[in-house]
Each structure stands twice: as C-alpha cells, then as structure tokens.
Amino acid sequence: MTFRNIIIAAALFGGVLGGFAQAQAQAQAQAQAQAQAPNGPAEVIATRQAGMKHTGAAAGAVKKALDAGGDLMAVAASAQEVADWGRKIPSMFPPGSDAGAKTRALPAIWSDKAGFDKLAGNMAAAADTLAAALKANDAAAAKAAFAATGAACAACHRTYRAPA
Ligand code: HEC
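In this note's numbering, the protein residues as written are 48 to 211.
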C-alpha cells in the first residue's frame with residue numbers, strides 16, 4: 048500500500064466508523080425516547096381510558112362514603128386523584144390520538160381543544176372543592192361538590208365522547 052492509499056483507506060475507515068457511531072447514537076436516542084415517552088396512539092388511548100376508568104372508580108368510592116355516611120376524610124385522597132386527573136386530561140389527547148385503537152374520543156376534541164380543556168379544568172376545580180369538603184368532614188358541602196363534579200364529567204362526555 049502506498050502512503051497515499053493508506054491515507055485514503057484511513058479516511059474511508061474513519062468515515063465508516065464515524066457513520067457507525069452516528070447510527071449507534073441515533074438508535075440509542077430513539078430507544079431512549081421510546082422508553083421515556085411510550086406515546087404511540089394506541090398506547091396513549093389505552094392510558095387515557097385506564098385513567099378515566101380509574102377516576103370513575105375513585106368517584107365511586109367517594110359516592111359510597113357519602114351515601115353510607117361513612118368516613119369522609121378517608122376518601123378525600125380519592126377526590127384528589129379525580130382532580131389531578133382532570134388537570135392531566137388535556138395532555139392525554141395529543142393530536143393524532145383520534146385513531147389507532149378503539150376510541151370514543153370525538154373529532155370535536157381537536158377542532159375545539161380550548162373548549163375541551165376548559166371542561167377538564169372545570170372538572171378539576173369541582174373535584175378540588177370536593178376534596179376540600181371531604182377533608183373538612185362537611186357532608187353537605189361534599190354532596191353538593193360531588194354533584195358538581197359529576198355534572199362536569201357529564202358535560203364533557205356529552206360533547207366530546209361518542210356513545211358506547
Ligand atoms: C374534558 C373531557 C372529559 C372529562 C372532564 C371527563 N371525561 Fe371521561 N372521557 C372523556 C373522553 C373523550 C372519553 C373517551 C376516551 C377514549 O375512548 O379514548 C372518556 C371516557 C371515560 C370513561 C370510559 C373509559 C374506558 O374504559 O374506555 C369513563 C369511565 C369516564 N370517562 C369517566 C369519567 C369521570 C368519572 C369523569 C369525571 C370525574 C370524567 N370521565 C371526566 C372525556 C372526559
């Protein structure tokens with residue numbers, strides 16, 4: 048090999064190595080992004096449906112305590128979970144998550160995202176009031192706030208969720 052060929056070979060080999068390192072870095076970044084944000088549409092849809100189901104169960108636990116005259120302070124955390132979920136709802140409906148799995152999310156969510164987010168905020172506020180009333184062991188206030196929370200769920204479902 049002439050000196051010139053060695054230089055060329057080294058440059059080529061370096062290029063290949065460089066390309067390999069780059070591809071490896073890319074693959075690593077991709078794997079990392081997938082691990083951090085497992086957010087394909089099907090996964091987003093499944094996650095938000097599970098969140099809604101969980102919030103339904105949490106609201107049910109509060110209702111049970113209210114109906115039975117049970118320990119209200121014990122279910123304040125459930126109301127807080129409902130409120131926290133209300134604050135999360137806007138981010139659980141990213142563009143593109145209208146398909147990819149069976150979903151009852153209506154197109155109006157994306158054509159009127161501001162209206163949708165506002166109703167999520169209303170629900171969070173009502174559930175915050177509910178949590179405060181439960182913590183204060185105030186049954187009358189908690190019953191009123193529970194009704195308001197339920198109405199806030201229904202208001203959104205009416206406009207933005209397809210019938211089952
Ligand atoms: C801002 C809008 C909004 C609010 C507020 C809201 N929901 Fe929903 N909910 C939806 C949408 C949209 C779906 C359909 C999601 C899908 O199928 O991708 C849904 C689905 C559900 C489901 C079905 C989940 C499943 O298994 O598929 C339940 C249960 C539910 N919501 C309960 C509640 C309860 C309880 C509240 C109030 C405490 C509430 N939701 C508040 C929009 C809302």
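Where is the CB? At the ideal position from N, CA and C, for every residue including glycine. Values in this document were obtained by computation on a predicted structure and should not be read as measured data.
Notebook entry, point to check: Thr196: beta carbon under 7 Å from a heavy atom of ligand 1?
Noted result: Reading the sequence shown from its first residue, position 149 is the one you call residue 196. Yes; taking the cut-off as 7 Å, the Cβ of Thr196 has a heavy atom of ligand 1 nearer than that.
Margin query: Quick check: the Cα distance between Ala146 and Ser158, rounded to an integer number of angstroms?
Written below: In the sequence shown, residue 146 corresponds to position 99, counting from 1. In the sequence shown, residue 158 corresponds to position 111, counting from 1. Cα to Cα, the separation comes out at about 15 Å.
Note to self: Buried or exposed, going by whether 16 or more other CB atoms sit within 10 Å of the CB of Gly116?
What the structure shows: Here residue 116 refers to the residue found at position 69 when the sequence shown is read from its first residue. Exposed, by the Cβ-count rule.
Item checked: With 16 other Cβ atoms within 10 Å as the buried cut-off, status of Asp118 -> Along the sequence shown, one-based indexing puts residue 118 at 71. With fewer than 16 other Cβ atoms within 10 Å, it is exposed.
Notebook entry, point to check: On the three-state DSSP scale, how would you describe Arg205?
Noted result: Along the sequence shown, one-based indexing puts residue 205 at 158. Of the three classes helix, strand and coil, the one that applies to Arg205 here is helix, per DSSP.
Check: Does the stretch 89-97 come close enough to the stretch 163-178 to have 3 or more Cβ pairs within less than 8 Å?
Finding: These segments do not touch.
Check: What is the DSSP secondary structure of Ala148, reduced to helix, strand or coil?
Finding: Residue 148 sits at position 101 when you count from the first residue of the sequence shown. Looking at Ala148 - three-state DSSP - the assignment turns out to be coil, as it is neither helix nor strand.
Item checked: Burial state of Gly103, where buried means 16 or more other Cβ atoms lie within 10 Å -> Residue mapping note: residue 103 aligns to position 56 of the sequence shown, counting from 1. By the Cβ neighbour-count rule, Gly103 is exposed, with fewer than 16 other Cβ atoms within 10 Å of its own.
Item checked: CB contact flag (Ala126, Ala187, <8 Å) -> Position 79 of the sequence shown, counted from the start, is the residue given in the question as residue 126. Position 140 of the sequence shown, counted from the start, is the residue given in the question as residue 187. A distance of 8 Å or more separates the beta carbons of Ala126 and Ala187.
Item checked: Rounded Cβ spacing between Gly168 and Trp132 (contact assumed at less than 8 Å) -> Working through the sequence shown from its first residue, we reach residue 168 at position 121. Working through the sequence shown from its first residue, we reach residue 132 at position 85. Wrong, their Cβ atoms sit about 12 Å apart, outside the cutoff.
Checklist line | Distance between beta carbons of Ala189 and Leu113, contact taken as under 8 Å | finding: The residue labelled residue 113 in the question sits at position 66 within the sequence shown. The residue labelled residue 189 in the question sits at position 142 within the sequence shown. Between Ala189 and Leu113 the Cβ distance is about 6 Å, and since that is below 8 Å, they are a contact.
Margin query: Suppose you measure from the CA of Asp185 to the CA of Ala194; what does that come to, to the nearest Å?
Written below: Translated into the one-based positions of the sequence shown, residue 185 becomes position 138. Translated into the one-based positions of the sequence shown, residue 194 becomes position 147. Answer to the nearest angstrom: the Cα atoms are 14 Å apart.
Next item on the list: Starting from Met170, follow the alpha helix (DSSP H) in both directions and report where the run begins and ends.
Entry: By 1-based counting over the sequence shown, the position of residue 170 is 123. Segment Lys160 to Lys182, the alpha helix (DSSP H) holding Met170.
Checklist line | Selection from Gly197, Pro210, Cys203 and Pro154 that minimises the alpha carbon distance to Gly107 | finding: Within the sequence shown, residue 107 is the residue found at index 60, counting from 1. Gly107 has its Cα closest to that of Gly197, out of Gly197, Pro210, Cys203 and Pro154.
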